[in-house]
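Numbers in the working numbering are just positions in the sequence shown, counted from 1, shifted up by 614. Even for Gly, the Cβ is constructed at its ideal location relative to N, Cα and C. I have placed the structure first, in the form of structure tokens, so that the comments after it can refer back to it.
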Amino acid sequence: MSKKQAWLGFWILSLVWGSSYFFIRIGVEQLPPFQLVFMRTGVAAIGLNIVIYARGKRLPTDWRGIRDLIVLGVVNTVIPFFLITWGEVRIESSLASVLQGTAALFTLIVAHFLFVDERITWRKLIGLLVGFCGVVILAGRSGSEVVTNVSRTMHLLGQLAIVGASFCYALGNTYGRKAMQSRLAPIVTAGGAMTVAAVVTGIITFTAPLWGGPPPLGLRELTPRVLSAALTLGLLNTFVAYLIYYSLIAALGSARTSMVTYVIPVVGILLGTIFLHERVDARLIIAAVMIIGSIAIVNLRFDWWRRRDVSTSTA
Numbered sequence: 615m616s617k618k619q620a621w622l623g624f625w626i627l628s629l630v631w632g633s634s635y636f637f638i639r640i641g642v643e644q645l646p647p648f649q650l651v652f653m654r655t656g657v658a659a660i661g662l663n664i665v666i667y668a669r670g671k672r673l674p675t676d677w678r679g680i681r682d683l684i685v686l687g688v689v690n691t692v693i694p695f696f697l698i699t700w701g702e703v704r705i706e707s708s709l710a711s712v713l714q715g716t717a718a719l720f721t722l723i724v725a726h727f728l729f730v731d732e733r734i735t736w737r738k739l740i741g742l743l744v745g746f747c748g749v750v751i752l753a754g755r756s757g758s759e760v761v762t763n764v765s766r767t768m769h770l771l772g773q774l775a776i777v778g779a780s781f782c783y784a785l786g787n788t789y790g791r792k793a794m795q796s797r798l799a800p801i802v803t804a805g806g807a808m809t810v811a812a813v814v815t816g817i818i819t820f821t822a823p824l825w826g827g828p829p830p831l832g833l834r835e836l837t838p839r840v841l842s843a844a845l846t847l848g849l850l851n852t853f854v855a856y857l858i859y860y861s862l863i864a865a866l867g868s869a870r871t872s873m874v875t876y877v878i879p880v881v882g883i884l885l886g887t888i889f890l891h892e893r894v895d896a897r898l899i900i901a902a903v904m905i906i907g908s909i910a911i912v913n914l915r916f917d918w919w920r921r922r923d924v925s926t927s928t929a
């Protein structure tokens, strides 16, 4: 993959992942959260396993590898996918896409305790404070006139669900890094974890009526709008997105690829505003800028001008 193709893939991935919250918001108009997650992970798991076997790789059969996939499937997929889906029943897709940016901040905290080379510095601490101030501003919207369709308490719980999903992503991403360093190939990790997630959510979906949950809906009961959103989530926003993501890591490196985090909230806000007519107010914009800015403070280097002077003087 050339650099030009890689950067084109970067912007495509930004649009794809940024639109996930838009399609989730449409899906929950009719589907129970766990069924939507099951359909999404099931489609993605089939696609990823086809790719794994086509590349001559196999899912692990030893207990250590299976354990890794179970942990990642539950912590990094089932729980956060469900929390985001459940949360979007109660909050706007644009708000969810902004709150999801906190995953990078939680990852910073978790990595501090697990990796020697990921200690929190003063710069990172400032980024954390700025980002979480943005979250506080968003939480304040639950007490304002913005909340109209649900109670203020449920709106706040919806926000907390997205933040909880971000924390799960931080745990899962950190655990996945350790697993992929020595044991599992990235595509195997993604496919195996997605398979675990599909099995777990499938069991929950079809046994839900036994413990008072909603029964699963047949495909014929779904409107074309909801069915298309669910299938798009699985095929495009999960399966294709993972393939693009790992291709970009190989071409651009993990640091540059992670910059997709800056674009996702922008895409989420635009789609929610244009197509779902969600309200965008000053608090949302300010909080989005603060959260995106906090990620920049944590990740971007600000000594580029010094390095430029050094390279010029030694040329």
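{"Query": "Pairwise C-alpha distance: Thr721 and Asn787", "Result": "7 Å"}
{"Query": "Sub-8 Å separation of Gly741 and Ile899 beta-carbons", "Result": "no"}
{"Query": "Cβ-Cβ distance between Gly748 and Ile640 below 8 Å", "Result": "no"}
{"Query": "Same chain, Cβ closer than 7 Å to Arg839, neighbours up to 5 away in sequence not counted", "Result": "Ile640"}
{"Query": "Range of the contiguous alpha helix (DSSP H) that encloses Ser842", "Result": "838-848"}
{"Query": "Nearest-angstrom beta carbon gap, Val724 and Leu785 [assumed within contact, 8 Å]", "Result": "6 Å"}
{"Query": "Endpoints, alpha helix (DSSP H) assigned at Ile858", "Result": "855-866"}
{"Query": "Contact set for Met653: own chain, Cβ-Cβ below 7 Å, skip 5 residues either direction", "Result": "Ala844, Gly848"}
{"Query": "Reference Phe648; option with closest CA among Ala865, Ile817, Ala901", "Result": "Ile817"}
{"Query": "Ser711 in three-state terms, based on DSSP", "Result": "helix"}
{"Query": "Opening and closing residue of the alpha helix (DSSP H) in which Gln644 lies", "Result": "Taken as a continuous stretch (DSSP letters only), Gln644 belongs to no alpha helix (DSSP H), as it is neither H nor E."}
{"Query": "Residue interval of the alpha helix (DSSP H) (run including Met873)", "Result": "Unbroken run through Met873: none, as it is neither H nor E."}
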